[in-house]
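So the structure is just underneath, and the comments pick up after that.
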Amino acid sequence: MPHKVPPSSSLQDISDEDGSFRARAACTDSLWRDSDPPSHSWRPSLLADSSPEEKSPPVKLSTSRLLMAHFGAALTLFLATTDATIVSTMLPSIVGDLQANATEYTWIGVAYMLTQTACQPLYGRVSDIIGRKQLLCISIAIFAMGSLFCGVSQNVKMLIASRALSGIGGGGIVSCVWVITSEIVAEEHNSAKWSQALSVTWCCSAVAGPLLGGIFSDGSRHLMSFPSWRWGFYLNLPVCIVGLLVLLVSLRNVHLRPVSEALWDSLLRRFDFGGLFLFMGGTSCIIVGFSFATGVGWNAPSTIVLVVLGLLVLGLGGYYEACTTRETLFPPTIFRNFDAVGLLVIVFLHNFAFNAGTFYLALFYQAADGLPPLQAGIQMLPYTLGSSLASMPAAWFIGFWQKRNRNTCAQRWVTSFGLIICTLGFGLLNLVQAESPNHVKVIFPLVAGTGLGLLFHAPYQIFTKALNPCELATGTSAFFLIRFTGATIGISVAGAIFDARTASLNSGDLESIFSGSSVDIGSLKALEAGPARDRALDSITLAIQMIWIVCTSLLGIAFMISLLLGKLSIEGSATHVNPVPEKTPIDASSV
0 MPHKVPPSSS
10 LQDISDEDGS
20 FRARAACTDS
30 LWRDSDPPSH
40 SWRPSLLADS
50 SPEEKSPPVK
60 LSTSRLLMAH
70 FGAALTLFLA
80 TTDATIVSTM
90 LPSIVGDLQA
100 NATEYTWIGV
110 AYMLTQTACQ
120 PLYGRVSDII
130 GRKQLLCISI
140 AIFAMGSLFC
150 GVSQNVKMLI
160 ASRALSGIGG
170 GGIVSCVWVI
180 TSEIVAEEHN
190 SAKWSQALSV
200 TWCCSAVAGP
210 LLGGIFSDGS
220 RHLMSFPSWR
230 WGFYLNLPVC
240 IVGLLVLLVS
250 LRNVHLRPVS
260 EALWDSLLRR
270 FDFGGLFLFM
280 GGTSCIIVGF
290 SFATGVGWNA
300 PSTIVLVVLG
310 LLVLGLGGYY
320 EACTTRETLF
330 PPTIFRNFDA
340 VGLLVIVFLH
350 NFAFNAGTFY
360 LALFYQAADG
370 LPPLQAGIQM
380 LPYTLGSSLA
390 SMPAAWFIGF
400 WQKRNRNTCA
410 QRWVTSFGLI
420 ICTLGFGLLN
430 LVQAESPNHV
440 KVIFPLVAGT
450 GLGLLFHAPY
460 QIFTKALNPC
470 ELATGTSAFF
480 LIRFTGATIG
490 ISVAGAIFDA
500 RTASLNSGDL
510 ESIFSGSSVD
520 IGSLKALEAG
530 PARDRALDSI
540 TLAIQMIWIV
550 CTSLLGIAFM
560 ISLLLGKLSI
570 EGSATHVNPV
580 PEKTPIDASS
590 V
């Protein structure tokens, strides 16, 4: 019979001989999850070198305070995730106002996601040291500061640097929001329900980003002394303040993570700074290489050197991870488990296609269809609503299945079905032309978006079942690192494809229209109807079709990988582990 651990037991008492309670803490947390719920929710931290007096169960929150906390969390999460897509419909206006060149155009979108991605491995560890709420406040402040600098930018270089600063804060917001909300929800409140609420918020940002970008790009300039796209960044400031105040009020007296000076020593001794440097450096080299390719070409020495160097550094990082004695960024199980590796590849390809589709479908509607940014955002609703709403029935089906079967079959089916649908959808997007009927421009993007939306939850749920209990925290960091990397590289590669394709299809008379990975909408509209304009529109359509072909091929590869995934049991996984051995002493009075 399982040995239940009282909620008030001391983590020091169940620590291993070397002082680490990482694996046992995860196991203890699972015991409460799968047994009778305790009188209050307490999720132990997985950080070693903590003292028993640091641990105290947080206040049990009422439903009203949980609602407030999740409202504030959703508000800040919405800002952080929307900021990655809001520029998709604002970019042509920004390029025209700030006179950005080909490489700078891509960097406006890439800078935010690059810093958001590169800093992901740090957030969980730092939040254990300085506290969840403290890191969230710092992240919101950094994000707000970056948004302010974006709004006042007078040149493209300042805008790119400000976007990078916002990405650092946005990445911290995403990480802290998920950790905090999971720690404050007791099992009797149905944690899956609350988690789904945040997931819907994440998906809704895909709808709001392009639409809001269109609204700000179409503002009446005679009412303002500066271009209205700047309001897309200015309005982040009051929303950040409101979200932060709501969180501070709802989480008052909630002790999420104590501060201990000794933990800084533990961080310096055990954190894998070498691996962090290698993975950040390798990812940055690849992104910079792809960005340079849009301006100087794929055959340029700078492009080749950066991309090859990035791949070599990433390979060295993987070797270092396998050999280091420090706490690695990636759990060893990932490299030994085919399901884990396969799922990370699927996640990478899924986010590659999702972000490339979001950026270049918006560009298609503005350039090929001649729509203003606001109407382009509205035209994208079938794509973005499909990706947002499809995640809800997928989560309901998975929950229904798992009440009756303790395995991951439902997640596998949803993953494979979603990949079939989005592969079909991106294939159908190749048929969309400027002169296509409206129902084609609605149905085909809807199919692609629906397939993408089915893949926001299921792969992560399978991934956690493939990990050992003590690897859940680092495995989750690896998962989101790969997810953000796929999104970042997707935009860069799509931009390089667009630039290469338009360059091969046009002679010098249309150079003023094509600005690398984008289109100068003003110059395109200035072209009179005739052969030159028709040739420009055909080039745009064919270049974007090449992006759809690449995405279709990659999603097809992801589908083939999904067929090879095994059926994993929920018992014995990272979210369900065996009880603490009987030899472990438990002292219920230690706290």
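First residue of the sequence shown: 0, per numbering that gives the first Met the number 0; consecutive thereafter. Where is the CB? At the ideal position from N, CA and C, for every residue including glycine.
Annotated three-state conformation of F276 is helix, per DSSP. Annotation for W547: the continuous alpha helix (DSSP H) segment containing it runs 530–561. Cα atoms of R251 and A393: separation of roughly 35 Å, rounded to the nearest angstrom. With a cutoff of 8 Å on beta-carbon distance, I539 and A366 are scored as near each other. The beta carbon of G317 is closer than 6 Å to none in its chain, skipping five residues each way along the sequence. The segment 156–165 makes no contact with the segment 196–216; the number of CB pairs closer than 8 Å stays below 3. In this model, Y382 and G448 are separated by some 4 Å (Cα to Cα). Of the other Cβ atoms in all chains shown, fewer than 16 fall within 10 Å of the Cβ of V248; this residue is therefore exposed. Contact between the segment 350–360 and the segment 481–494 is present, with at least three C-beta pairs closer than 8 Å. Apart from the 5 residues on each side of it in sequence, R229 sits with its Cβ closer than 6 Å to the Cβ of G150 in its chain, given in chain order. By the criterion of a C-beta distance shorter than 6 Å, I481 is surrounded in its chain by L343, V346, F347, once the five residues flanking it on both sides are discounted.
Separation of K440 and L427 (C-alpha to C-alpha, rounded to the nearest whole angstrom) is 10 Å. Pairing L388 with G474 gives a Cβ-Cβ distance that is not under 8 Å. Segment contact: the segment 332–339 against the segment 174–184, fewer than three CB-CB distances shorter than 8 Å; contact not assigned.
Around the C-beta of P300, fewer than 16 other C-beta atoms lie within 10 Å, and the residue is accordingly described as exposed. Boundaries of the alpha helix (DSSP H) around H349: 337–366.
Runs of the alpha helix (DSSP H) lying entirely within the segment 104–174, each at least 4 residues long, are 119–129, 131–151 in chain order.
Here E326 is bridged, per DSSP, to F270. By the neighbour-count definition (other C-beta atoms within 10 Å, threshold 16), P530 is an exposed residue. Within the segment 429–477, the runs of alpha helix (DSSP H) at least 4 residues long that lie entirely inside it are, in chain order, 437–452, 457–464. Boundaries of the alpha helix (DSSP H) around V248: 235–249. Excluding the 5 residues flanking it on each side, F278 has same chain C-beta neighbours closer than 6 Å at G316, in chain order. I442 and F497 have their C-alpha atoms some 24 Å from each other.
Leaving aside the five residues that flank L78 on each side, the residues in its chain whose CB is nearer than 8 Å to its CB run, in chain order, F142, G169, I172, N235, V238, C239, G242. With 16 or more other Cβ atoms inside 10 Å of its own Cβ, E326 counts as buried. The beta carbons of H349 and L454 sit closer together than 8 Å. For G231, same chain residues with a beta-carbon under 7 Å away, outside a window of 5 residues either side, are I85, M89, L211, G212, F215 in chain order.
In the three-state reduction of the DSSP assignment, L210 falls in the helix class, which pools H, G and I.
Within its own chain, the residues whose Cβ lies closer than 6 Å to the Cβ of Q544, once the five positions on either side in sequence are excluded, are N429, listed in chain order. Separation of Y359 and S87 (C-alpha to C-alpha, rounded to the nearest whole angstrom) is 8 Å. In the three-state reduction of the DSSP assignment, H254 falls in the coil class. Per DSSP, the unbroken alpha helix (DSSP H) holding L76 starts and ends at 62–81. In the DSSP annotation of this structure, the continuous segment of the alpha helix (DSSP H) that includes A375 starts and ends at 372–378. About 11 Å separates the CB atoms of A502 and A292; that is not less than 8 Å, and the two are not in contact. In this structure, L135 is the residue among E434, Q374, V306, L135 with its C-alpha nearest to the C-alpha of G71.
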